[in-house]
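Chains as they are written, first to last, in this note's numbering: chain B, 1 to 213; chain Y, 1001 to 1213.
Next comes the structure, spelled out in structure tokens:
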């Protein structure tokens, strides 16, 4: 609870996008203020958890008033960096690469997809959702000469380690990895692994274990 | 640590798909046994965490030998229910619905997509990756007359609550929700919410907070 300490635990950080979504919903519905009790009911976590989380970065609540939704939304957004814009490239235009290229939601959150890379000759030079597709051979030159924050990795399993290493060497700051492999790299690069099947297997487990009862 | 107690904590369950993936890799590379120390180095968690996790469901390690990879893979798979087959329907053939329909990895994990539902006239009657597309008007009849375990929800935000409620009433056992809304329903239904943007925002935060240092 030391507000001078700006280091926020990753557990709290991982909850922030959810607060951000809920607050965005509230704003859209014209709600201007909310108590931690109401917010906790909406979000399905305890009120004390919410107070603790929001205290981590200064505590915006006022006794007897609750939270000003717009202020809180702005502050959570600021911490998440939504006032910055990040430049993304997508590597691999398979099913997931296609879906992500067409996802306009990212732009609203501050993430601009600037280029797509693939190796299939018929794709090179085409545009997906207005974004040009380049050949992988041009990756190094593009990243060296343009500002790229994050590479979205949606390539086949076997190619993942090599391409990830190449991106690390090129100095990309973050990898958003969709291949079914947990990446760790010997570079100063942040990695978020997304394993869709994992979440599906957890769902299968929950259904299964309920049937066994 | 009570082996008689078959209830495994969700924290452990959520780690199991990762063990499953690693063990599958090891098998493919011809590795037949592994110590908890080696496994922990590969997975980037402590050896004691691994022993604790695997002890939760019986503890398959032998002193001085480590784990038999094939046995452990089978046991983790059994707990995750990979020896069962789950029947899935996909609701909403947008970007994500398309990508998921084409994802053959799910089948390998025990999940069969049996039907896709949408409302666009030009899609009805077509097949995506061999799976027929039905009209949403036929959803209730199909679910009532066929075995459906899980509905994959990839519909626009505004339609999510209504369709989720409809699926809950129809008695679907699980929802795999890709719309940017945390669902909670007054039915006996298991829900896994997947929010891709959340993970991207966490990545943005990590990059941002490193630059501020």
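In this text, a Cβ means the ideal position worked out from N, Cα and C, and glycines have one as well.
From the DSSP output, which residues share a beta bridge with residue 1112 (chain Y)? DSSP lists Y:1087 as partners of residue 1112 (chain Y).
Other residues of its chain near residue 1157 (chain Y): CB distance less than 7 Å, five sequence neighbours each side excluded: Only 1179, 1180 and 1181 meet the Cβ criterion.
Write down the C-beta distance between residue 86 (chain B) and residue 111 (chain B) rounded to the nearest angstrom, noting that I regard them as a contact closer than 8 Å. Their Cβ separation, rounded to whole angstroms, is 5 Å, which keeps residue 86 (chain B) and residue 111 (chain B) in contact under 8 Å.
Contact the stretch 1144-1151 of chain Y vs the stretch 1017-1028 of chain Y: 3+ CB pairs below 8 Å: The stretch 1144-1151 of chain Y is not in contact with the stretch 1017-1028 of chain Y.
Look up residue 1018 (chain Y) in the DSSP assignment and give the residues it is bridged to. DSSP, once it has assigned bridges, lists no residue as partnering residue 1018 (chain Y).
I want to verify the contact list: residues of chain B whose CB lies under 8 Å from the CB of residue 1207 (chain Y), in sequence order. Neighbours of residue 1207 (chain Y) in chain B, taken as residues whose beta carbon is under 8 Å from its own, are 81, 86, 149, 150, 173, 174 and 190 in chain order.
Residue 118 (chain B) - DSSP class collapsed to helix/strand/coil: Three-state result, residue 118 (chain B): strand.
Please classify residue 256 (chain B): does DSSP put it in a helix, a strand, or coil? No statement about residue 256 (chain B) is possible, as the shown extent of chain B runs from 1 to 213 and does not include it.
One or two residues paired with residue 1034 (chain Y) in a DSSP bridge: DSSP, once it has assigned bridges, lists Y:1067 as partnering residue 1034 (chain Y).
Return the residue from the list Y:1031, Y:1038, Y:1051 and Y:1035 that minimises the CA-CA distance to residue 1016 (chain Y). Nearest C-alpha to residue 1016 (chain Y): Y:1051.
Name the DSSP beta bridge partners of residue 1250 (chain Y), please? The requested residue 1250 (chain Y) is not part of the displayed model; chain Y covers only 1001 to 1213.
Quick one: what does DSSP say residue 1075 (chain Y) is sitting in, helix, strand or coil? The answer is helix: DSSP assigns residue 1075 (chain Y) an H, G or I state.
Select from the stretch 98-112 of chain B all residues with a C-beta closer than 9 Å to any C-beta belonging to chain Y, and list them in chain order. Residues of the stretch 98-112 of chain B whose Cβ lies closer than 9 Å to any Cβ of chain Y, in chain order: 98, 99, 100, 101, 102, 103, 105, 106, 108, 109, 110 and 111.
So, helix, strand or coil for residue 1189 (chain Y), using DSSP? DSSP places residue 1189 (chain Y) in coil when its eight states are reduced to three.
Test: residue 95 (chain B) CB closer than 8 Å to a CB of chain Y: With respect to chain Y, the C-beta atom of residue 95 (chain B) has a partner C-beta closer than 8 Å.
Contact check, residue 132 (chain B) vs residue 115 (chain B) under 8 Å by CB: the rounded distance? Separation of the CB atoms of residue 132 (chain B) and residue 115 (chain B) is rounded to 6 Å, and the pair is thereby assigned contact status at 8 Å.
Considering Cα atoms alone, identify which of Y:1055, Y:1153 and Y:1021 is closest to residue 1042 (chain Y). For the residues Y:1055, Y:1153 and Y:1021, the minimum Cα distance to residue 1042 (chain Y) belongs to Y:1021.
Exposed or buried, residue 190 (chain B), counting other C-beta atoms within 10 Å across all chains shown (16 or more means buried)? So residue 190 (chain B) counts as buried.
Would you mind reading off the limits of the beta strand (DSSP E) that contains residue 1132 (chain Y)? Annotation for residue 1132 (chain Y): the continuous beta strand (DSSP E) segment containing it runs 1131-1135.
Check this for me: beta carbons of residue 105 (chain B) and residue 1099 (chain Y), under 8 Å apart or not? No, the pair does not count as a contact, with Cβ atoms beyond the cut-off.
Mind checking residue 150 (chain B): buried by the 16 CB within 10 Å criterion, or exposed? Per the 10 Å Cβ criterion, buried.
Applying the 10 Å Cβ sphere with the 16-neighbour rule, what's the burial state of residue 1032 (chain Y)? A residue is called buried once 16 or more other Cβ atoms fall within 10 Å of its Cβ, and residue 1032 (chain Y), having fewer, is exposed.
State the DSSP-derived secondary structure class of residue 1009 (chain Y), mapped to helix, strand or coil. Residue 1009 (chain Y) falls in the coil class under three-state DSSP.
What distance in whole Å lies between the Cβ atoms of residue 199 (chain B) and residue 1184 (chain Y), which are believed to be in contact at a cut-off of 8 Å? So it is not a contact: roughly 17 Å between Cβ atoms.
Since residue 1180 (chain Y) meets chain B, which of its residues come closer than 8 Å, beta carbon to beta carbon? Annotation: Cβ neighbours of residue 1180 (chain Y) in chain B (cutoff 8 Å, chain order): 21 and 105.
N-terminal and C-terminal residue of the alpha helix (DSSP H) that residue 145 (chain B) is part of: For residue 145 (chain B), the uninterrupted alpha helix (DSSP H) run begins and ends at 139-145, by DSSP.
Taking Cβ positions, are residue 167 (chain B) and residue 128 (chain B) nearer each other than 8 Å? Between residue 167 (chain B) and residue 128 (chain B), the gap from beta carbon to beta carbon reaches 8 Å or more.
With a 10 Å radius around its C-beta and 16 neighbouring C-beta atoms as the bar for buried, classify residue 108 (chain B) as buried or exposed. Note on residue 108 (chain B): under 16 other CB atoms within 10 angstroms of its CB, so exposed under the neighbour-count rule.
For a contact defined as C-beta to C-beta under 9 Å, what are the partners of residue 143 (chain B) on chain Y? Under the 9 Å cutoff, chain Y gives no residues; its nearest Cβ is about 15 Å from residue 143 (chain B).
Can you tell me where the alpha helix (DSSP H) with residue 1054 (chain Y) in it begins and where it stops? For residue 1054 (chain Y), the uninterrupted alpha helix (DSSP H) run begins and ends at 1047-1055, by DSSP.
Status (buried if at least 16 other CB within 10 Å, exposed otherwise) for residue 1091 (chain Y): The C-beta of residue 1091 (chain Y) has 16 or more other C-beta atoms within 10 Å across all chains shown, which makes the residue buried.
Straight-line gap, residue 1195 (chain Y) to residue 1101 (chain Y) (C-alpha atoms, nearest Å): So the two alpha carbons sit approximately 18 Å from each other.
If you compare alpha carbons, which of Y:1188, Y:1019 and Y:1123 is closest to residue 211 (chain B)? Measuring from the Cα of residue 211 (chain B), the nearest candidate turns out to be Y:1188.
Restricting to Cα atoms, I'd like to know which of B:97, B:84 and B:69 is closest to residue 176 (chain B). Taking only the C-alpha atoms, the option nearest residue 176 (chain B) is B:97.
Is the Cβ of residue 1031 (chain Y) closer than 8 Å to any Cβ of chain B? Using a Cβ-Cβ cut-off of 8 Å, residue 1031 (chain Y) does not count as an interface residue toward chain B, since no Cβ of chain B sits closer than that to its own.
Applying the 10 Å Cβ sphere with the 16-neighbour rule, what's the burial state of residue 19 (chain B)? In the assembly as shown, residue 19 (chain B) is a buried residue. Its beta-carbon has 16 or more other beta-carbons within 10 Å.
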